[in-house]
């Protein structure tokens, strides 16, 4: 079975039936209720993973409290939002993120160039790393 | 005379208690937390939109928490900054007195264009809390494997059940409230596995049994969870743990095994069980980036590194107090007591007030409790035995164990900072929050030597050092902060 | 005084310059090399930089000549290391791995001016560089947009420097040092030099916490700490720390393809101001992160993170790449550059104390200049004719010995 929301009628906390909200994830509509985190909306909708790690492995919620950054996604154009910490808002446009490196660097690069050229924020869905032999240190 | 300005970072049990007693001492308090509502992880509140009539059903000590919350947030000298992240603490110039400046961002989690603010406190109370420490094992990066705290946060904070065939594993009494939260929410809990054998746990807890009796709240709470497990026929097994998770795209089965007291796996004891979720916790990691940024000295204990405090909860930095799990893992009652003491003194309260005697005594009991907790639920030294060369250690960068082993044995590249750059372990978005202590432990073992003294001005390579304490968007960073006066309501005092 | 195994050399400092010197001497034959560091190898300034191998930021003169020599040596050295020495402990595959980790990337640099005055200055600077043999190609707006699609359209001039390259600096130092060790050098870490032993005015040993270490030659390659080390040995040189800070973004899709910096950078590198100088230097790493620099401050060994410095770096970077405004910064780090008032390295024998040599003072260019420095040092030590004139780098010049006013930095 997948994760699910406790039905309001069966909830010992006596909560009200939720006010519905709708977000889109990679263009697909997903419904939830007001107050849920984006991670909660996705989990309750049966999605246990949405991010793709560099190896291509799927990732979803791990720590659940904003520490591990496994669940990050792009919300209304802003990348790297922790889904477990961000309250879902009706109409949120969510896109999933991937760090898979694409072998053909030029293709990946031109894709992201086209997408970025539209707006002034880097919001591409794919986080492909086009450089096959990139460089430079990051002091620890 | 101006009113003393106290900034309290973190509104969990410790921070809320600190704010209350700093207010009682006459100070103006700015209480801030990254969450929308106070309570921390322990009293994680349901969203207001849920309109819960009986939220207390999910909590111990709810009535007292509600009273405290109302008193603090409604106090005329308290400024409550919800959804406020501290992205940096700025120490004063070397040799200059003064407190660190607190640099904040306020707005929805990881939002954009959140306004920056700089607070200049007269005293600072750090109460950021802790998160689950999860030791790596093959398959722990599969979706459906959660840190135990995630399962609890989703159940208590959102009323979401993570599965119907849930296995809990790891070490420590925290597994019990998580199991209870899952059962309350209607999840199926297959078993709770405590990695330490009964003898270790019993020896740790029974060393000074009278001390446990003096933490009645905690003992009763734990007894209640144990009774619940028994009632719901959920087995609580000791000396067994999960050594592997398997599944195609998400966890489908867990391999458990019996452990010796040092957590080495007993060959042939492996059992494979079908699960739809796996919750793991091997203890807690205190959130030490802010204490380190403030310049606070740490104390190494068998349970890990914590902020060193004196009898007044004062850290090695003048005016900077620490309370709660960052000084030692002892649970909410102990955190409240530490917060109360820290807040009173940070707020300029009389250190000789007779009422403090009881607070200090309770605090000392809390510390004793922390020591017993650590003794009863240690991490066995042989745990790396269940790692394989391809086991992911750094979840962000997917650095595997084999890569760490190779890096640690390269003579020319063995320095921790150099190995980190070479393996990328700890360089990803979580900034080593999850893998940092594990990588430090494994690297020290593999290379067999400790790093030399650091060069002046360059900090020791520490797993908890994160000068950017929370991500800040470039546009936010480039914008100017609001004036550095904390807005307070001291005029009404 | 020579031992049976040749001239005994102790290289003081296992950063990139010390590693390069140790390798060059170990390869030369006739030297028995020990590298000493009070910390771990390559973990101070070397591990806190960007890994620049640049010619673009240097005007005609001795430093450019050293940079050009170094730029030629880098691919040669990496190829030689990858082939692996016979009988290497790690074998050829270990050496190849070490070289792969260096992430040598001749990505090229692009310098962008955003004002008319900046454009004029940039064109003049480039013309002088061309005369000195540097490739500097003017990019028109279309060429710049093709090369760096996210860079500001609001620019007045852009120049492409195809010779600029990048390495992962800690791995580069580890590869050089590893090769030195494979050629017989030894490494001692966690061992601090406390003072000197001299005989007849000659440096014969350094005192350390673990006892005396005797040698025929000592090479001061302690980077920003070489001023203090030299003072401990009784021959002070004016090398001071100049702090720099770098921001690291979360991993991004490919957004920055060269090392891109604003034309102010050259001015900041060449300035001697103590107060804060910032200029935009933007580049991507193999991990997908973007590094944003740079700042220059002379504040002694003060390791505090200063939000106003980070904010200034962010603002300048956004002027070059406005589209990065929504990208999160996840880390910042700072390091200390070894700064000499006349901005030239110090390479050569110390005439005041026979037996002591210096290879230091490279400010922000030590990664790139390390190989040329080591080659120069080797030739000077052996008494052979160096490829470039060593005189501008000599120790007894006024900038190095002249103004040794006591300060917290050189004390």
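Protein chains in written order, with our numbering: chain A, 1 to 140; chain B, 1001 to 1493; chain C, 2001 to 2411. The beta carbon of each residue, even a glycine, is placed where N, CA and C say it ideally should be. Keep in mind it's a predicted model, so treat the numbers as computed, not measured.
Check: CA-CA distance, residue 2009 of chain C and residue 2020 of chain C?; Outcome: 14 Å
Check: Does residue 1225 of chain B come within less than 8 Å of chain A when only Cβ atoms are used?; Outcome: no
Check: CB-CB under 8 Å to residue 43 of chain A, same chain, minus the five flanking residues each way: which ones, in chain order?; Outcome: 2, 3, 60 and 61
Check: Since I believe residue 1404 of chain B is in contact with residue 1423 of chain B (beta carbons under 8 Å), could you give me their beta-carbon distance rounded to a whole number of angstroms?; Outcome: 6 Å
Check: Take residue 2227 of chain C as the anchor and find which of C/2095, C/2357, C/2076 and C/2083 has the nearest alpha-carbon.; Outcome: C/2357
Check: What residues in its chain sit with their C-beta under 8 Å from that of residue 2183 of chain C, if we drop five residues either side in the sequence?; Outcome: 2023, 2026, 2027 and 2085
Check: Between which two residues does the beta strand (DSSP E) holding residue 2358 of chain C run?; Outcome: 2356-2360
Check: Taking the beta carbon of residue 2011 of chain C as the centre, do at least 16 other beta carbons fall within 10 Å, making it buried, or is it exposed?; Outcome: buried
Check: Can you tell me the Cα-Cα spacing of residue 7 of chain A and residue 15 of chain A, whole angstroms?; Outcome: 9 Å
Check: Quick check on residue 88 of chain A - is its C-beta less than 8 Å from some C-beta in chain C?; Outcome: no
Check: Taking Cβ-Cβ distances below 8 Å as the criterion, which residues of the region 2228-2255 of chain C are in contact with chain A?; Outcome: 2246, 2248, 2250, 2251, 2252, 2253, 2254 and 2255
Check: Would you mind reading off the limits of the alpha helix (DSSP H) that contains residue 1170 of chain B?; Outcome: Taken as a continuous stretch (DSSP letters only), residue 1170 of chain B belongs to no alpha helix (DSSP H), being part of the beta strand (DSSP E) at 1166-1170.
Check: For a contact meaning CB atoms closer than 9 Å, what does residue 2041 of chain C contact in chain B?; Outcome: 1411, 1412, 1413, 1414, 1415 and 1418
Check: Taking the alpha helix (DSSP H) that residue 1398 of chain B falls in, what are its first and last residues?; Outcome: No alpha helix (DSSP H) contains residue 1398 of chain B, which DSSP labels as neither H nor E.
Check: For residue 2107 of chain C, report the span of its alpha helix (DSSP H) as first-last.; Outcome: First-last for residue 2107 of chain C: undefined, no H or E at that position.
Check: At the 8 Å Cβ level, is residue 2329 of chain C part of the contact set with chain A, yes or no?; Outcome: no
Check: Residue 1162 of chain B versus chain A: which residues are under 8 Å apart at the beta carbon?; Outcome: 3 and 43
Check: Can you check whether the CB of residue 1264 of chain B is closer than 8 Å to the CB of residue 1385 of chain B?; Outcome: yes
Check: Going by beta-carbon coordinates alone, are residue 1129 of chain B and residue 1005 of chain B separated by less than 8 Å?; Outcome: no
Check: List the residues of chain C that residue 1471 of chain B touches, going by C-beta distances under 8 Å, in chain order.; Outcome: 2250, 2328, 2329 and 2330
Check: Who are the neighbours of residue 1057 of chain B on chain A, taking C-beta pairs under 7 Å?; Outcome: 12 and 13
Check: At least one CB of chain B closer than 8 Å to the CB of residue 70 of chain A: is that the case?; Outcome: yes
Check: Of all the CB atoms in chain C, is at least one closer than 8 Å to the CB of residue 20 of chain A?; Outcome: no
Check: Have a look at C/2339, C/2219 and C/2215 and flag the residue whose alpha-carbon is nearest the alpha-carbon of residue 2244 of chain C.; Outcome: C/2339
Check: Can you give me the C-alpha to C-alpha distance between residue 2037 of chain C and residue 84 of chain A, rounded to a whole angstrom?; Outcome: 45 Å
Check: Taking residue 77 of chain A as the query, report the chain C residues whose CB atoms sit under 8 Å from its CB, ordered along the chain.; Outcome: 2326
Check: Is residue 2305 of chain C closer than 8 Å to residue 1090 of chain B when the C-beta atoms are compared?; Outcome: yes
Check: What does residue 1094 of chain B touch in chain C if you count any residue whose Cβ is under 7 Å from its own?; Outcome: 2302
Check: At a CB-CB cut-off below 7 Å, which residues of chain C make contact with residue 80 of chain A?; Outcome: 2250 and 2328
Check: Quick one: what does DSSP say residue 2 of chain A is sitting in, helix, strand or coil?; Outcome: coil
Check: Are residue 1307 of chain B and residue 1337 of chain B touching if we call contact CB-CB under 8 Å?; Outcome: no
Check: Note down, in chain order, every chain B residue with its Cβ under 8 Å from the Cβ of residue 23 of chain A.; Outcome: Those do not exist, as residue 23 of chain A stays about 14 Å from chain B at its closest Cβ, beyond 8 Å.
Check: Could you confirm whether any beta carbon from chain C is found closer than 8 Å to the beta carbon of residue 1437 of chain B?; Outcome: no
Check: Could you check whether residue 2319 of chain C and residue 2156 of chain C sit closer than 8 Å to each other, using their CB atoms as the reference points?; Outcome: no
Check: Roughly how many angstroms separate the alpha carbons of residue 1195 of chain B and residue 1022 of chain B, rounded to a whole number?; Outcome: 41 Å
Check: Does residue 1491 of chain B have its Cβ less than 8 Å from a Cβ in chain C?; Outcome: Bear in mind that the predicted position of residue 1491 of chain B carries a pLDDT of just 34, short of 50, making it unreliable; the figure below should be weighed with that in mind. False, the Cβ-Cβ gap to chain C never drops below 8 Å.
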